[in-house]
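Since the structure comes first, as structure tokens, the remarks are kept for the end.
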Amino acid sequence: MSRNEPPLLDMLPAATDALSFTAGLDQAQFNASRLHQAAVIRCLAVIGEAANKVSRDYQKAYPKIDWREIVGRWHRLIHNYAAVRLDVVWNVLQNDLPGLIATLRLLIPPGNGTQST
12 MSRNEPPLLD MLPAATDALS FTAGLDQAQF NASRLHQAAV IRCLAVIGEA
62 ANKVSRDYQK AYPKIDWREI VGRWHRLIHN YAAVRLDVVW NVLQNDLPGL
112 IATLRLLIPP GNGTQST
């Protein structure tokens, strides 16, 4: 099992992009901006799709990442896009992505195809 499975190389930039896209925004500004919503939801979809491709063995080796929740969120975004709850998306931005980014940075060696932000 490789420490830096290719799907992780998709997850990290998508997570850092989602946070950078909303830097300086508060929740009301995010809720009012369809542009920011679309960008973040796309990032969350990339994260979920990539997480779904991570091998089960790798997922078991790194239980600190809530793989099931990430993949489940992706399914809800893709299959129930008309009912996306912006408060949940905002909560993910504020509470879940910073920790995910920190964990992924530990798993992906510097200079391995990702940009540091």
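Mapping of the sequence shown onto our numbering: position 26 corresponds to residue 37, and the numbering continues sequentially without gaps. No residue lacks a Cβ here, since even glycine has one placed at the ideal position from N, Cα and C.
Look at the alpha carbon of residue i and the alpha carbon of residue j, and state the distance between them as a whole number of angstroms.
{"i": "L46", "j": "Y73", "result": "34 Å"}
{"i": "G122", "j": "L20", "result": "11 Å"}
{"i": "I76", "j": "V82", "result": "11 Å"}
Looking at the unbroken alpha helix (DSSP H) that takes in residue i, where does it start and where does it end?
{"i": "D28", "result": "P17 to F32"}
{"i": "P109", "result": "L108 to L118"}
{"i": "L36", "result": "Counting along the chain, L36 falls outside any alpha helix (DSSP H), and DSSP gives it neither H nor E."}
Might you give, ordered along the chain, the residues of its own chain that have their beta carbon closer than 8 Å to the beta carbon of residue i, omitting 5 neighbours on each side?
{"i": "A56", "result": "W85, L88 and I89"}
{"i": "I112", "result": "L23, A26, T27 and L30"}
{"i": "L36", "result": "S44 and H47"}
Does the Cβ-Cβ distance between residue i and residue j come in under 9 Å?
{"i": "V65", "j": "A29", "result": "no"}
{"i": "L118", "j": "F41", "result": "no"}
{"i": "A93", "j": "C54", "result": "no"}
{"i": "A62", "j": "P18", "result": "yes"}
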